[in-house]
Amino acid sequence: MSHDRAQEFDAIVVGAGLAGLYMLHRLRGQGLSVRVIEAGNGVGGTWYWNRYPGARCDVESMEYSYQFSEELQQEWDWSERYATQPEILSYIEHVAERFDLARDVQFETRVASADFDEKAGRWTVESDRGVFRSTYIVMATGCLSSPNTPEIPGLDRFAGPTLHTGQWPHEPVDLRGKRVGVIGTGSSAIQSIPHLAEQADQLFVFQRTPNYSIPAHNQPLTDERRAEVRKRYAAFRAENALMPFGFDTRVNDVAALETDPAELEAEYERRWEHGGLPFLSAFNDLIFDREANETAADFLRRKIRAAVDDPEAAALLSPDTVVGCKRLCVDTDYYETFNRPNVRLVDVKSDPIVEITPDGLSTGNETFALDALVLATGFDAMTGAISKIEIRGRGGLALSEKWAAGPRAYLGLQSAGFPNLFLITGPGSPSVLSNMIPSIEQHVNFVADCVAHARSQDSEVIEATAESEDEWIAHVNEVADASLYPQCNSWYLGANVPGKPRVFMPYLGFPAYVEKCRDVVAHGYEGFRFSPLPAVGA
Ligand code: FAD
Ligand code: NAP
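All letters in the sequence shown, in the order written, are residues 27 to 564 by my numbering.
Shown next as structure tokens:
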């Protein structure tokens, strides 16, 4: 592809999800020329791709939304406590229209590579629809955007539709009267299974590892609730930003191991009745102490036994792992669905899947005739989308080489040796261990302010130093190791993708992280080096 005809911009942003759109808004507002490049043919990212039945957020709508515009948060009406995928997508489309963003997005274009030209101090970005050059490049490519398709022999020979939850078709899928198989029992499966069970004639759920799930107790949002939050939206956001994970987790700063059994049970029961992710904040030692965690696990296993009629199915659905070290799921009627006569739970841990045939699926001991297959098999998380782009920094260093033993980035924002390349919610930042929209906004604001700072000083090349990166990574690992998170085979660790290095990727440190970033700025962007762009033709 000819580089002579490259389109020139100040900044290229890859991805038109919540992160890419806000990045565009901020950089354009600073007078930069920006082009967003998006593989899909619409805005929304996660909420554009994940159209499976039952998809909705698990952080409450009035918190899982942008706060950069007071008018926007005052005017948008969320209809439910947890918004559905169509509602979130129409919100993002509204934002794109309201701030006139789509005119700077090039859709249906996939970025293949990005090379840093040290002489010019510019990035060359190649895509399947053109070449671009820019001073800055921002990877707003998403933490959960690269679908993980299992390598099961025969998968490509299945005659019926094979539907990955993360790439669900746009046209309606009619599963009525069909024999449907679902592989996986993570959040996507747990949300979709009750809906699939209503449609399908027979539903087979192929479970390798059970997960803990808390009822959402979803409900319509009343005018009173909306008004109550709106009356003090900024204060509501500020209070929640101080809580672990960055949303109203109803923090209870008491240790489970110091609580008497009756109160322990009562607190878990209150959390179960309240619903959703705040269950994990019932006590302050749950994610640090195995014995404390076991009290929560015991409570949840009893709930599963109470919900599921068949004791054998209940036992299979009961995890023996640490609560929360795989992301806690939030459901509506998940466990109850296994009481339906048309739903069967199949344990593929003891009897693994051996192949997919044109008309079904075989385990070692049994064959299942299927008309449709749903892959709720998750994502190559945190690094998947970035690693699919061939990125070369100073001296031609490939990011894939640098990250061969696991991702390395200072504050999850920049990797040393890759000047002017920014990551939004990159590995080493709280990202998936936080309410992601505020975390996205915080990263975008950091990057936009940092770029403005650099330009105001005529030192437009910004790069993290190797020393600051090393220190930060050591800290990220130290914090993770003090918790129970590294104890499960989770996607946080890359354990769901064969061959991926096992490194705990997100930073368990919200809200301390935000404070750290403020500190870095207060100390003149400590840990980042600024230098002028090379003279043209130098
Ligand atoms: P994404 O929304 O993933 O957008 C990235 C975009 O980049 C995609 O559109 C993709 O097509 C594009 N892209 C990637 N690579 C390329 C390339 N090479 N070329 C061109 N384009 C590219 N988080 C929460 O905090 N709360 C929730 O309730 C919640 N629910 C979720 C539910 C589901 C089903 C999933 C999968 C995730 C959920 N998340 C949730 C996490 C969610 O991903 C984030 O909240 C948020 O939507 C991420 O936005 P983003 O813009 O960073 O990335
Ligand atoms: P996931 O949590 O990674 O779950 C994938 C499932 O597929 C697991 O049960 C896994 O089993 C199974 N699996 C993978 N390969 C398999 C194979 N070869 N054979 C059998 N089983 C296999 O993915 P996800 O459910 O898509 O969720 C990913 C993340 O997206 C969530 O953790 C959450 O952060 C986000 N999300 C949020 C919501 C929400 O409620 N708002 C909804 C969906 C997703 P093993 O565990 O044994 O590997």
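Beta carbons are placed, not taken as given, at the ideal position from N, Cα and C, and that holds for glycine.
- One alpha carbon belongs to Glu486, the other to Phe556, and they sit about 7 Å apart.
- In this structure, the CA atom of Leu401 is about 27 Å from the CA atom of Gly46.
- Gly41 has its Cβ nearer than 7 Å to a heavy atom of the ligand FAD.
- Of all alpha-carbon atoms in Gly70, Glu254, Phe230, the one lying nearest the alpha-carbon of Thr393 is that of Phe230.
- The C-alpha of Asp141 is placed about 35 Å away from the C-alpha of Phe271.
- Annotation for Asp200 indicates a beta carbon at 7 Å or more from all heavy atoms of the ligand NAP.
- Around the beta carbon of Asp154, fewer than 16 other beta carbons sit within 10 angstroms, so the residue counts as exposed.
- When secondary structure is reduced to three states using DSSP, Cys355 falls in the strand class.
- A distance of 8 Å or more separates the beta carbons of Pro527 and Gly535.
- Leu170 has its Cβ nearer than 7 Å to a heavy atom of the ligand NAP.
- The continuous beta strand (DSSP E) containing His190 extends over residues 188 to 190.
- Listed in chain order, the non-local C-beta contacts of Ala508 below 8 Å within the same chain comprise Phe314, local neighbours out to five positions each way being set aside.
- Contact between Phe273 and Val85 holds, since their C-beta atoms are separated by about 5 Å, short of 8 Å.
- With a threshold of 7 Å, the Cβ atom of Tyr92 does not count as near the ligand FAD, since no heavy atom of the ligand is closer than that.
- In the structure shown, Leu437 adopts coil according to DSSP, grouped into three states.
- Following the DSSP letters along the chain, one finds Thr72 inside the alpha helix (DSSP H) bounded by residues 72 to 75.
- Between the stretch 204 to 218 and the stretch 440 to 452 there are fewer than three inter-stretch CB-CB distances shorter than 8 Å, so the stretches are not counted as touching.
- Counting of Cβ neighbours within 10 angstroms places Ala500 among the exposed residues, the total staying below 16.
- Assigned with DSSP and collapsed to three states, Trp298 falls in helix.
- By alpha-carbon distance to Gly452, the top candidate from Glu497, Lys375, Val137, Cys169 is Cys169.
- Of all alpha-carbon atoms in Trp149, Leu44, Asp336, Phe530, the one lying nearest the alpha-carbon of Glu119 is that of Leu44.
- The criterion of a C-beta distance shorter than 8 Å is not satisfied by Met165 and Ile463.
- Put simply, the backbone Cα of Ala340 is about 44 Å away from that of Ala260.
- Each residue's CA atom was taken as its position, placing Asp324 and Thr275 some 21 Å apart.
- Rounded to the nearest angstrom, the gap between the Cα atoms of Glu134 and Ala333 is 45 Å.
- Bridge partners of Pro246 according to DSSP: Glu106.
- Rounded to whole angstroms, the separation of the alpha carbons of Arg263 and Val121 is 19 Å.
- The secondary-structure analysis by DSSP pairs Tyr162 across a beta bridge with Ala37.
- Sequence-distant Cβ neighbours of Ala431 in its own chain, meaning closer than 7 Å and more than five residues away, are Pro527.
- Secondary structure note for Trp149: its beta strand (DSSP E) is the uninterrupted segment 148 to 153.
- If only uninterrupted alpha helix (DSSP H) runs of at least 4 residues are considered, those enclosed by the stretch 211 to 266 are 213 to 225, 249 to 257, 259 to 266.
- Within the same chain, and ignoring the five residues on either side of Glu552 in sequence, the residues whose Cβ sits closer than 7 Å to its Cβ are Val546.
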